[in-house]
Amino acid sequence: MATENYTPDEKDLSILRLLQRDAKMSVRDISARINLSPTPTHERIKRMEKSGIIKEYTAVVDRKKVNKGMMVICMIALNVHNKKTAGKFIEEVSKLKEVVEFYNISGDFDFMLKILAPNMDEFHEFFINKLSEIEGIGQTKSIFVMSSIKESAQIV
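Just remember that the numbering used here sits 118 ahead of the position in the sequence shown, which is counted from 1.
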């Protein structure tokens, strides 16, 4: 959790770019690439972790190699727009392991979910027995992703 207000400078952004490409890169390697000694490089990384700029370190997994080859974008409109209905919907969807991304959006729909499943049968099972059982859903629209052109977690 963020504990201080901190704005990254150009050196910090250089560190972030390197860590986004390879989170296992050593402080020594990072410091050599940004022309800064290891101790201040380490301090900068710790400051960005403490401030919440670096939220976590994670591995990027090839979803097809772990039997999650089907990606579905599901748009959902609630049938009642109030804090209680939305709160309960958010709480329930957040528990679903098949939902890997979950956004509150504007427009014709209220929420957008990125769902991964092994295949159409498993997605159908998930949709019928889990997602559509959540109270408050008024309308859904599922978009089946045929191929990924670009996927990236790099934001700086």
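For each residue, glycine too, the CB sits at the ideal point set by N, CA and C. Computed from a predicted model, the values in this text were never measured in an experiment.
For Gly254 and Val198, the rounded distance between their alpha carbons = The straight-line gap from Cα to Cα measures roughly 6 Å.
Alpha carbon to alpha carbon, what distance is there between Lys201 and Glu209?
-> Answer to the nearest angstrom: the Cα atoms are 12 Å apart.
Measuring alpha carbon to alpha carbon, tell me which of Pro156, Ser260, Cys192 ends up nearest Lys129.
-> The option with the nearest alpha carbon to Lys129 is Pro156.
Under three-state DSSP, which class holds Phe262?
-> Collapsing the DSSP output to three states places Phe262 in a strand.
Roughly how many whole angstroms lie between the Cα atoms of Ala271 and Lys206?
-> The alpha-carbon atoms of Ala271 and Lys206 are separated by roughly 29 Å.
Using DSSP with H/G/I as helix, E/B as strand and the rest coil, what is Phe220?
-> Three-state result, Phe220: strand.
Measuring alpha carbon to alpha carbon, tell me which of Glu174, Lys186, Thr125, Lys173 ends up nearest Met238.
-> That would be Lys186, whose Cα lies nearest to the Cα of Met238.
According to the Cβ coordinates, are Ile233 and Val217 closer than 8 Å?
-> Yes, the pair counts as a contact, with Cβ atoms nearer than the cut-off.
Paired residues, beta bridge with Met188 - DSSP | Its beta-bridge partners are Ala235.
Note down the Cα distance separating Ser250 from Gln257, rounded to an integer number of angstroms.
-> Taking the straight line from one Cα to the other gives about 10 Å.
So what does DSSP say about Met166, is it helix, strand or coil?
-> When DSSP states are grouped into helix, strand and coil, Met166 belongs to the helix group.
Could you say if the stretch 214-228 and the stretch 262-271 meet the contact criterion of at least three C-beta pairs nearer than 8 Å?
-> Under the 8 Å Cβ criterion, the stretch 214-228 does not count as touching the stretch 262-271, having fewer than three qualifying pairs.
Span of the alpha helix (DSSP H), counted from its first residue to its last, around Gly205 = Counting along the chain, the alpha helix (DSSP H) containing Gly205 begins and ends at 201-212.
Using the Cα positions of Tyr175 and Glu167, report the straight-line distance between them to the nearest angstrom.
-> Approximately 10 Å between the Cα atoms of the pair.
Could you tell me whether the Cβ atoms of Ile267 and Met230 are closer together than 8 Å?
-> With contacts defined by Cβ atoms closer than 8 Å, Ile267 and Met230 do not form a contacting pair.
Kindly identify the DSSP beta-bridge partner or partners of Leu196.
-> Under DSSP, Leu196 forms a beta bridge with Ile255.
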